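The structure under discussion appears below in the form of structure tokens.
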Amino acid sequence: MPDDFTALNQMLPPQNLEAEELILGGVLLDPEGMGRVADIINPEAFYDTLHKDIYRAMITLHRQGRPTDLMTVTSWLQDHDLLDKIGGTAKLAQLVERTVSAVNIDRYAGLIMDKFVRRQLIGVSYDIAGLGYDTTQELEQVLDQSEQKVFALTQERPQQGLTPISDTLVDTFNTLESLQEKTALPGLNCGFYDLDAMTSGLQRSDLIILAGRPSMGKCLGKGTKVVMFDGTLKAVENIQINDLLMGADSKPRQVLSLARGREMMYWIRQKRGIDYRVNESHILSLKASGSEGRRVHGEIVNISVRDYLNKSSKFQQRHKGYKVEVDFSAQAVPIDPYLLGLWLGDGKATDGRHVIFGHNNIAQEVIAELQAIAVRDGYRLSHSDNGEKCDAWTLCAGQHQEGLKPQLRRVGLLDEKLIPLCYLANSKAVRLELLAGLMDSDGYYCRDMQCFENTQKRRKLAEQIKFLADSLGFRTSLISKKGVIKDRDFVGDYWRVRVSGNLEIIPTRIKYKQARKYVSNQDWHVTGITVEPDCVDDYYGFELDGDRLFLLEDMTVTHNTALGLGIAANIAKLHQLPIAVFSLEMSKEQLTQRLLAAEANIESNRLRSGNITTEELEKVTDAIGSLAELPIYIDDTASLTVMQMRSQVRRLQAEQGGRLGMVLLDYLQLMEGGGDNRVQELSKITRSLKGLAREVNAPVIALSQLSRGVESRTNKRPMMSDLRESGSIEQDADLILMLYRDVYYNPDSPDQNAAELILTKHRNGPTGTVRLLFQPELTKFENLAL
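First residue of the sequence shown: -10, per my numbering; consecutive thereafter.
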């Protein structure tokens, strides 16, 4: 085998001139034989240029319905000034003389195509080599282009650039003739009669968008506070588009859209955490406690309140709310955090420039720390008997030009003791030092209960201390009581913050306040919950990017596809064509369970929990047998690019001998692309999906979410402008379908199980509305009987 390009260049390209002559001679002898090779080879498949011209004359005459005998072909070549070029009548006569019969010309056609494809492969290999040497392109693009070039060789129809309209008109006429004779369908029958009637079936090479509001969301009751990315708290009703919320991974989550509406509300009661109100569509983010079946301990489960209430008591007991530690970025602070904690708990400013510590008996460990801070930061620390119950330690200006008091004034702490945001939203080390100062000055460590308590008469400060401890991942509680604090001469309401967990990481200086190591099998990050119905009320929600997980004020984590799957299953059943499903949101197990529930006609909730009868188990067995025979292929890769998807589809089509029924993508906004911003990125994705549909000659259905803007209108039926990042989607899509269920917005609607499929764009036909039957317990769409 040649080992370099030089040797390859010296070799003669693959060809079979004898087979070319036998085909041409056979057609001249028997014009009827032209029909046997016309669909197999084209003129470009011939290696000899003269043979190309002769065959081009034959194929043109054949498409015009004229004979391809010796006389007619000679006349056509002469009329087009090609007869002399091919060698005159002598060349044609020679072809006839060398041919004995036209019996085997179709086999010879196969030989010619074999050599033609090999020559193409050689050309493609040189192109790919050139791409390999071109280091200016990204590797992923090089691989995609290389794969596309090789894949094009496997296609039945030749890949051409400019094509004469005459060729296209002939193909169009043949298609129309087949349709007129009812021997072919305009498109793929998707199993929904009214939709098929309006669209004439799903057209091959079409990009179809199927959009709808998600059946679940992130909606909270008014007044519920969420953590912003900068560490502040904001009531949910004040959230605005483009706001940045704190994610469960300490990374920002951008608000993409807002939602307002009325729905049944529920209280989420956390045994060890705050209570909060949500709507029944709200997604709870829970952690599995213990391992059972496929569910492992600590696995995250995102489930709507509606579905949670339908779960067994065992499920509810084993799945708990959870909170996380937040990692803020480090930033400079004007005052030592431990010193600030001491001041907030036990400090007092004098009329002069001094700051006094010592309303309570001050421990020797704290005095030593004050001395160290004074030396390091240039303060002067002095001890005096102020005539009160306790000795006083005064911190004033020494080498430090200002002293502590002016610094406190500058951050606004002389008039009211509060924790500045720059301390609450700072590194873990800064927050731990601040908490240590608070506990050393004004905290109590209960060794038996393994917890710290800190009591304040200022509610705001108590809430900030709780937030501080929450952000560090501790378990906290805040209660208010009426009582007397004798040493502060205070009667009235006070607030007690209790903190527990791995308290040994808090760097308290006082020895008896240094917590022992937390030893317990119980995870303090999780807590049991109960869900209590409240009333129909206003809810406030938002759509987030990323994984859509965000934090409530105590760092509790919370969250924010049946028709497309039904269409895919119907096409697989009716046409026995391969279906490629790409699920970026649900796992292949979840998708399979949905298909199984619909096929067996068993409620999906009961099927997931295994709560089925013996008779239903037999139905499941039958359904598994039926589904196993369907050519449905699922890829549940979470972060998928268009190029990866195209590669998978090409491979599937090649493995299936060029047959492909449909490609389903769930869902569009989760796909990764390449662009400077999300609009450009999505535009590139939709163009690529349209190109994929044309390349594989199969419909591509991309599921898409609608913005929550639809919920702010009186008429909730979606419009094309409700598509998220709708510009490129509207432009590239051939068919846009929008799903609407009136009962979702109007629980008392008479159309309880009716669904509307609204065709808002149809490039090749009418728009309108198709009514379907939806069975929510099966997550299944069916034709609506009249």
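Quick reminder that beta carbons are idealized off the backbone N, C-alpha and C, glycines included. Just so we're clear, the structure is a prediction, and the values are computed from it rather than from any experiment.
In chain order, what residues of the same chain lie with their CB nearer than 7 Å to the CB of residue i, ignoring the 5 residues before and after it?
| i | result |
| --- | --- |
| Val85 | Gly14, Leu17, Leu18 and Leu59 |
| Asp195 | Ala682, Pro688, Asp723 and Leu724 |
| Leu573 | Ala627, Leu629, Asp655, Tyr656, Leu659 and Met660 |
| Gly76 | Leu39 |
| Lys506 | Glu493 |
| Gln149 | Because Gln149 carries a pLDDT of 47, less than 50, the predicted location of this residue cannot be relied on, and the following value inherits that uncertainty. Nothing listed; no residue qualifies. |
| Ile289 | Ser274 and Lys276 |
| Cys411 | Gln320 and Val322 |
| Ala8 | Tyr97, Leu100 and Ile101 |
| Tyr44 | Leu13, Pro32 and Phe35 |
| Arg108 | Pro2 and Pro3 |
| Arg464 | Arg261, Ser489, Gly490 and Trp513 |
| Ser302 | none |
Is it buried or exposed, residue i, if we count other Cβ atoms within 10 angstroms and call 16 or more buried?
| i | result |
| --- | --- |
| Lys240 | exposed |
| Val759 | buried |
| Val508 | exposed |
| Asp429 | buried |
| His286 | exposed |
| Asn559 | buried |
| Asn600 | exposed |
| Ile468 | exposed |
| Cys524 | exposed |
| Ser278 | buried |
| Asn415 | buried |
| Asn268 | buried |
| Leu540 | buried |
| Asn753 | exposed |
| Ala321 | exposed |
| Val668 | exposed |
| Ser460 | buried |
| His372 | exposed |
| Pro522 | exposed |
| His69 | exposed |
| Arg266 | buried |
| Ser90 | exposed |
Bridge partners of residue i, per DSSP?
| i | result |
| --- | --- |
| Leu533 | Val244 |
| Trp513 | For Trp513, which the question treats as bridged, DSSP gives no partner whatsoever. |
| Ser572 | Asp655 |
| Ile725 | Ile198 and Lys750 |
| Asn704 | Note: Asn704 sits in no beta bridge, so no partner. |
| Cys385 | Arg369 |
| Val486 | Asn443 and Leu467 |
| Phe770 | Phe763 |
| Leu678 | Leu678 is not bridged to any residue. |
| Ile518 | Gln259 |
| Cys435 | Cys440 |
Please return the same chain residues whose Cβ sits closer than 8 Å to the Cβ of residue i, not counting the five positions on each side in sequence.
| i | result |
| --- | --- |
| Ala425 | Tyr327, Gly330, Ile495, Pro496, Thr497 and Arg498 |
| Glu354 | Asp429, Arg498, Ile499 and Lys500 |
| Thr78 | Thr63 and Leu72 |
| Glu145 | At Glu145 the pLDDT is 47, less than 50, meaning the model places this residue with poor confidence; the figure from the coordinates comes in the next sentence. Taken in chain order, the residues that qualify are Gly647. |
Cutting at 6 Å between CB atoms, please list the residues of its own chain near residue i, excluding the five before and the five after it.
| i | result |
| --- | --- |
| Leu71 | Asp42 |
| Gln779 | Beyond the ends of the chain as shown, which are -10 and 775, falls residue 779; an answer cannot be given. |
| Pro765 | none |
| Leu11 | Thr88 and Tyr97 |
| Tyr433 | Glu442 |
| Tyr36 | Gln4 |
| Val419 | Pro326 |
| Ala569 | Tyr622, Val638, Leu641 and Val652 |
On the DSSP letters alone, give me the boundaries of the beta strand (DSSP E) that residue i sits inside.
| i | result |
| --- | --- |
| Phe463 | No beta strand (DSSP E) holds Phe463; DSSP gives it neither H nor E. |
| Ile623 | Ile621 to Asp624 |
| Glu607 | Per DSSP, Glu607 belongs to no beta strand (DSSP E); it is in the alpha helix (DSSP H), Thr603 to Ala617. |
| Met235 | Leu233 to Met235 |
| Lys214 | Lys214 to Val216 |
| Gln694 | Val689 to Gln694 |
On the DSSP letters alone, give me the boundaries of the alpha helix (DSSP H) that residue i sits inside.
| i | result |
| --- | --- |
| Val106 | Ile94 to Tyr122 |
| Ser430 | Lys417 to Asp431 |
| Arg25 | Met23 to Val26 |
| Thr790 | Absent from the structure is residue 790, since the part of the chain shown begins at -10 and ends at 775. |
| Ala224 | Not the alpha helix (DSSP H): Ala224 falls in the beta strand (DSSP E), residues Leu222 to Ala224. |
| Glu592 | Where Glu592 is concerned, there is no enclosing alpha helix (DSSP H), given that its DSSP letter is neither H nor E. |
| Mind pulling the alpha helix (DSSP H) runs of 4 or more residues that sit fully within the stretch 285 to 371? | 294 to 298, 302 to 307, 326 to 335 and 353 to 366
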